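Chemist: Numbering (this note's numbering), first residue to last: 6 to 497. Beta carbons: idealized from backbone N, C-alpha and C, even for Gly. Note that the structure is predicted; figures quoted are calculated from it, not measured.
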Ligand code: HEM
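(1) Under DSSP, the alpha helix (DSSP H) around residue 4 begins and ends at which residues?
(2) For the candidate residues 277, 200, 206, whose alpha-carbon lies nearest to that of residue 212?
(3) Determine, using beta-carbon pairs with one atom in the region 190 to 207 and one in the region 240 to 249, whether at least three such pairs fall under 8 Å.
(4) Closer than 8 Å to a non-hydrogen atom of ligand 1 - does that hold for the CB of residue 107?
(5) Could you give the distance in angstroms between the alpha-carbon of residue 124 and the alpha-carbon of residue 160?
(6) Under the rule that 16 or more other beta-carbon atoms within 10 Å means buried, what is residue 44, buried or exposed?
(7) Whose C-beta lies closer than 8 Å to the C-beta of residue 69 among residues of the same chain, with five residues either side of it excluded?
(8) Is any heavy atom of ligand 1 found at a distance shorter than 8 Å from the C-beta of residue 277?
(9) Are the region 477 to 484 and the region 431 to 442 in contact at 8 Å, needing three or more beta carbon pairs?
(10) Which residues does DSSP pair with residue 215 in a beta bridge?
(11) Give, in chain order, every unbroken run of the alpha helix (DSSP H) that is at least 4 residues long and sits entirely within the region 40 to 72.
(12) Can you tell me the Cα-Cα spacing of residue 179 and residue 464, whole angstroms?
(13) Name the one or two DSSP bridge partners that residue 279 has.
(14) How many Å lie between residue 21 and residue 100 at the Cα?
(15) So the alpha helix (DSSP H) residue 440 belongs to, where does it begin and stop?
(16) For residue 163 and residue 109, what's the separation of their Cα atoms in angstroms?
(17) Along the chain, where does the alpha helix (DSSP H) that runs through residue 205 open and close?
(18) In whole angstroms, what is the alpha-carbon distance linking residue 445 and residue 452?
(19) May I ask you to check if the CB of residue 498 is nearer than 8 Å to at least one heavy atom of ligand 1?
(20) In or out: residue 31 buried (at least 16 other Cβ within 10 Å) or exposed?
(21) Residues in the same chain with beta-carbon distance under 6 Å from residue 357, minus the five sequence neighbours each way, listed in chain order, please.
(22) Got a sec: does ligand 1 put a non-hydrogen atom nearer than 8 Å to the Cβ of residue 214?
(23) For the alpha helix (DSSP H) containing residue 448, name the first residue and the last one.
(24) Say whether the region 257 to 272 touches the region 307 to 314, bearing in mind that this needs 3 or more beta-carbon pairs closer than 8 Å, one atom from each stretch.
(25) Output the boundary residues of the beta strand (DSSP E) element that contains residue 128.
(26) What three-state label does DSSP hand residue 312 in the structure shown?
(27) Is residue 245 near ligand 1 - that is, is its Cβ less than 8 Å away from at least one heavy atom of it?
(28) Identify, in the order they occur along the chain, each residue of the same chain with its Cβ nearer than 6 Å to the Cβ of residue 290, setting aside the five sequence neighbours on each side.
(29) Just to check, is the beta-carbon of residue 348 closer than 8 Å to a non-hydrogen atom of ligand 1?
(30) Would you say the beta carbon of residue 76 is closer than 8 Å to some non-hydrogen atom of ligand 1?
(31) Would you say residue 468 and residue 175 are within 9 Å of each other, going by their C-beta atoms?
(32) Helix, strand or coil for residue 22, going by three-state DSSP, please let me know.
(33) Report all residues from its chain with a CB closer than 6 Å to the CB of residue 151; omit the five preceding and five following residues, and keep chain order.
(34) Would you mind reading off the limits of the alpha helix (DSSP H) that contains residue 136?
(35) How far does the alpha helix (DSSP H) with residue 321 in it reach, from first residue to last?
(36) If we call anything under 9 Å between Cβ atoms a contact, is residue 137 one with residue 324?
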């Protein structure tokens, strides 16, 4: 027998019950007792192990995006973008890369309904030959805030009240009344797209601005867009109540069943790019995550397609233990100076070290599928087999060398230390344009949702008038409608 061959896996299952250490279990029905009635012997090792393992089955849920569904498949390049990036997995049309995707809701717990008005997470892990690339996005193209220092407060306001554990409008509207940069995101959240009909019928966006860098070192700012080939579909408020009332996991079921039936969900990937030398020519800051880049001035360019053709084998291993992080990029794709992205670069790996342990990137779903090598070792639950004697660098005994260098954004950075807001906030223009693009019935539903939210008895007159004033600055008629229905004068 080769004692090192057996990695724990259900493919090596014994035909009879065993303990975790492999000893046969001859009775999995009755505890070991004194006589037939008890008491129970502490020496019933199998019983104690079984209970102890059960007692520890749960791990901390994600602090946000706790509820999610995942699936596997591939990404295929369909258009040549090698002039923009030296990313190996984007090197030529036809190149395929295995991927795993996790869709999620944001605010509520691991078992919460999938019909709530909430953004949806859209996270894709590409297992490339040059390491993993995680595109950790949402189904809306913009975000609530533009500085990550506000993220914990924002999430606290959106999550249930710490006293009652109820999500409450007054807390949300209070927090965001200090943040008019959130209006654009709210023009999505309170619109019909605020409740996607399921995970297959929704867009995905990288949201933050990243950089693409080509082999000559030329960088472009980039935004990523996923478009479902089956189109976007949403649930209106009363439909959501009906769907959620009969199945609080309807979106997970829809994804699983359609893949099982061979009806594979597919998205096309597009990018928008801006030359950093032209970043000042807009009336908004292209690195501001509360802004879209209008497609008539910055057109979408097709890149590839993603097909989900395989369900996960195990929810815990391939969903609960899955770890995405916007810091995980490959040569040819880099961050931008977008402050929100910069904060995200820290936060994900940090929470995952807490949530999953320091060796979370060794877990099969998270591990790269290419060779890797470094001297980060040991730590809790480290199961990597290592037999090197040199675990320091540099060494004359270890021939390992640095990888080939790859280009970084060439921009020169200057500036003094500051804690301040960006120059071109321009908070009202894009949400106003979006509202005006709705047909009258859609505008009416948008207004109705705001009237409902602002009618919460705990929303003060001051907060209500601030919101009316904000929406008036986006669109005069919208502010007027709200003021009339709520019987409040806007505070300008
Ligand atoms: C500074 C702002 C943000 C911070 C600090 C932050 C932090 C976090 C944290 C701590 C998690 C839990 C990760 C885990 O436990 O594995 C998470 C999950 C997630 N975040 Fe963010 N987030 C921010 C903004 C955003 C934005 C702008 C997006 C969309 C582009 C986004 C998309 C996601 C997604 C999709 C997940 C779930 C990933 C999964 O399926 O496991 N987040 N975020």
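Modeler: To lay it out plainly:
(1) Not covered by the structure: residue 4. The range shown for the chain is 6 to 497.
(2) Out of 277, 200, 206, 277 has the C-alpha closest to the C-alpha of residue 212.
(3) yes
(4) yes
(5) 13 Å
(6) exposed
(7) 111, 112, 160
(8) no
(9) yes
(10) Residue 215 is bridged to 227, 340.
(11) 50 to 60
(12) 8 Å
(13) According to DSSP, residue 279 bridges with 226.
(14) 45 Å
(15) 434 to 442 is the extent of the alpha helix (DSSP H) around residue 440.
(16) 16 Å
(17) That residue, residue 205, is in no alpha helix (DSSP H); it is neither H nor E in DSSP.
(18) Straight-line measurement puts the Cα of residue 452 at about 10 Å from the Cα of residue 445.
(19) The shown model of the chain, from 6 to 497, leaves out residue 498, and the question about it has no answer.
(20) exposed
(21) 328, 365
(22) no
(23) Boundaries of the alpha helix (DSSP H) harbouring residue 448: 445 to 459, taken from the DSSP string.
(24) yes
(25) From DSSP, the beta strand (DSSP E) with residue 128 extends over 125 to 133.
(26) strand
(27) no
(28) 427, 429
(29) yes
(30) no
(31) yes
(32) coil
(33) Contacts found: 186, 293, 294, 295, 345.
(34) Residue 136 -> not in any alpha helix (DSSP H); beta strand (DSSP E) instead, spanning 136 to 143.
(35) Run containing residue 321: none; DSSP gives neither H nor E here.
(36) no
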